[in-house]
Amino acid sequence: MATLHFIYGWPGAGKTTFARDLGEDTGTRAVVFCEDEWLATLASERITSLPQYVEASARIRRLIAPLATRLLTLGVSLVFDFAGNTPSHRAWVKAIADAANADHLLHGLDVPADECKRRRHERNATRPAGLYFGDVSDELFDAVVQHIVPPRDEEAIQVASTSVPGRWPGR
15 MATLHFIYGW PGAGKTTFAR DLGEDTGTRA VVFCEDEWLA TLASERITSL PQYVEASARI
75 RRLIAPLATR LLTLGVSLVF DFAGNTPSHR AWVKAIADAA NADHLLHGLD VPADECKRRR
135 HERNATRPAG LYFGDVSDEL FDAVVQHIVP PRDEEAIQVA STSVPGRWPG R
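Numbering-wise, our numbering comes out as the position in the sequence shown, counting from 1, plus 14.
Structure, rendered in structure tokens:
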């Protein structure tokens with residue numbers, strides 16, 4: 015049965031690296047959907063604010079959902095390098111998996127805020143192809159992390175072991 019993997023973690027936690035590694039893992043062998051790549055390619059302008067990100071992300075997710083559902087139905091496992099940080103986004107992912115009669119699995123990355131900020135600053139400076147859709151400033155980082163919510167039992171989300179057992183960013 016196909017599995018839809020998705021990731022929870024602060025900006026700069028290493029979600030993209032983890033997603034790519036998971037997609038290449040011989041036990042997983044999955045197609046990776048990296049939101050940053052979609053944003054870098056399809057966003058009409060550089061994203062500098064939370065409202066811009068939310069609007070661009072919503073457009074991309076409307077494109078991805080039917081494609082992801084079809085791939086899962088065909089038995090292809092997927093990794094979403096996004097959509098794990100809020101209850102509504104996790105519900106969206108779970109709905110896609112359920113519609114395809116596929117499994118889902120949330121992976122959590124627990125990386126200290128200082129390290130996330132260091133990595134983000136490096137990404138802003140180097141602007142790596144496919145990952146850079148605009149600077150993620152300290153102000154934008156602070157605005158985003160206020161909306162990140164650890165998964166709760168009532169969400170009925172299947173959760174993999176986190177990078178630090180029993181801990182989630184923000185707890």
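In this text, a Cβ means the ideal position worked out from N, Cα and C, and glycines have one as well.
Expected contact under 8 Å - CB spacing of K108 and I171 to nearest Å: 6 Å
Cβ-Cβ distance between H19 and H121 below 8 Å: yes
For H103, the three-state DSSP class (helix, strand or coil): helix
Close-in-space but distant-in-sequence residues of the same chain around T30 (CB under 8 Å, 5 per side omitted): C48, D50, D95, L145
Contacting residues, own chain, Cβ-Cβ under 7 Å from V46 (five flanking each side not counted): A33, R34, G37, V93, D95
Residues of its chain near K131, where Cβ-Cβ distance is below 8 Å and the 5 sequence neighbours each way are ignored: G26, D152, F155
First and last residue of the uninterrupted alpha helix (DSSP H) at G26: Taken as a continuous stretch (DSSP letters only), G26 belongs to no alpha helix (DSSP H), as it is neither H nor E.
Option in R43, A72, A97, N99 with minimal Cα separation from K16: Looking at the sequence itself, residue 16 is Ala, so the reference to Lys does not match. That would be R43, whose Cα lies nearest to the Cα of A16.
Beta-carbon proximity check, T100 vs I162, cutoff 8 Å: yes
Inter-residue spacing [alpha-carbon to alpha-carbon] between P80 and L56: 17 Å
Beta-carbon contacts of G180 that lie in its chain and below 6 Å, excluding the five residues immediately before and after: Unreliable placement is indicated for G180, whose pLDDT of 41 sits below 50; the coordinate value is still reported in the next sentence. The answer is none, since no qualifying residue turns up.
Per DSSP, cross-strand counterpart(s) of A97: I21
Run of the beta strand (DSSP E) containing H135, from where it starts to where it stops: Not the beta strand (DSSP E): H135 falls in the alpha helix (DSSP H), residues 127 to 140.
Limits of the unbroken beta strand (DSSP E) element including D117: 117 to 122
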